[in-house]
Amino acid sequence: MILSITKIELNSYTKLIPFFKFNSQIIAELKQSKCIKYKIGGSWNLKVWYTMTLWEEENDINAFYRNGTHLEAMKQAQSFSSKIQAIRIQKEDLIGWKEAKKGFM
Numbered sequence: 051m052i053l054s055i056t057k058i059e060l061n062s063y064t065k066l067i068p069f070f071k072f073n074s075q076i077i078a079e080l081k082q083s084k085c086i087k088y089k090i091g092g093s094w095n096l097k098v099w100y101t102m103t104l105w106e107e108e109n110d111i112n113a114f115y116r117n118g119t120h121l122e123a124m125k126q127a128q129s130f131s132s133k134i135q136a137i138r139i140q141k142e143d144l145i146g147w148k149e150a151k152k153g154f155m
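Given below as structure tokens:
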């Protein structure tokens with residue numbers, strides 16, 4: 051299984067509403083995808099957001115990321131954030147946020 055973890059640091063608080071709009075649409079599509087499990091977490095100041103998704107195959111991840119709302123969000127990502135990082139690791143289940151965040155240090 052493949053665990054994909056993304057960290058997004060918003061450029062400013064004015065980006066929160068547009069970010070939440072995209073995020074809610076992406077979550078709706080994620081629920082209809084081949085994603086096995088997912089979770090989302092934010093920092094206490096609401097500027098840094100993390101997503102974690104578990105997939106069976108790399109093709110499933112790529113098909114999701116390169117289509118629909120997620121594709122549109124990636125096209126507009128520069129307007130939201132100049133700091134987006136993503137990692138993929140082999141895991142059989144979701145992991146805790148503390149462990150996940152270590153991948154970005």
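Quick note, the sequence shown lines up with residues 51 to 155 if you use the numbering used here.
Built from N, CA and C at the ideal position, the CB exists for glycine as well.
Beta-carbon spacing of residue i, residue j below 8 Å
i                : j             : result
phenylalanine 69 : leucine 80    : no
alanine 136      : isoleucine 55 : yes
Through-space distance from residue j to residue i, alpha-carbon basis
i             : j             : result
glutamate 8   : lysine 133    : Any answer about residue 8 is impossible in this case: the structure gives the chain only from 51 up to 155.
arginine 116  : serine 83     : 12 Å
tyrosine 88   : lysine 148    : 16 Å
glutamine 140 : asparagine 95 : 30 Å
Proximity winner among the options, relative to residue i (alpha-carbon distances)
i              : options                        : result
lysine 57      : Thr101, Ile139, Cys85          : Thr101
serine 74      : Glu108, Ile86, Ile90, Asp110   : Ile90
tyrosine 63    : Ala113, Asn112, Phe130, Lys141 : Phe130
lysine 173     : Arg138, Asn109, Ile86, Val98   : Absent from the model: residue 173. The displayed extent of the chain is 51 to 155, so no value can be given.
leucine 144    : Lys71, Cys85, Ile67            : Cys85
asparagine 109 : Asn95, Ala150, Trp94, Arg138   : Arg138
glycine 146    : Ile67, Gln128, Phe72, Thr103   : Thr103
Cβ shell of residue i (< 7 Å), same chain only, five flanking positions each side left out
i                 : result
isoleucine 111    : Ile52, Ser54, Trp105
phenylalanine 154 : Lys57, Gln135
Spatial neighbours of residue i in its chain, beta-carbon cut-off 6 Å, leaving aside the 5 residues before and after
i           : result
alanine 113 : none
Could you tell me which uninterrupted beta strand (DSSP E) segments, each at least 3 residues in length, are contained entirely in the stretch 91 to 131, listed from first to last along the chain?
Correct list: 98 to 105.
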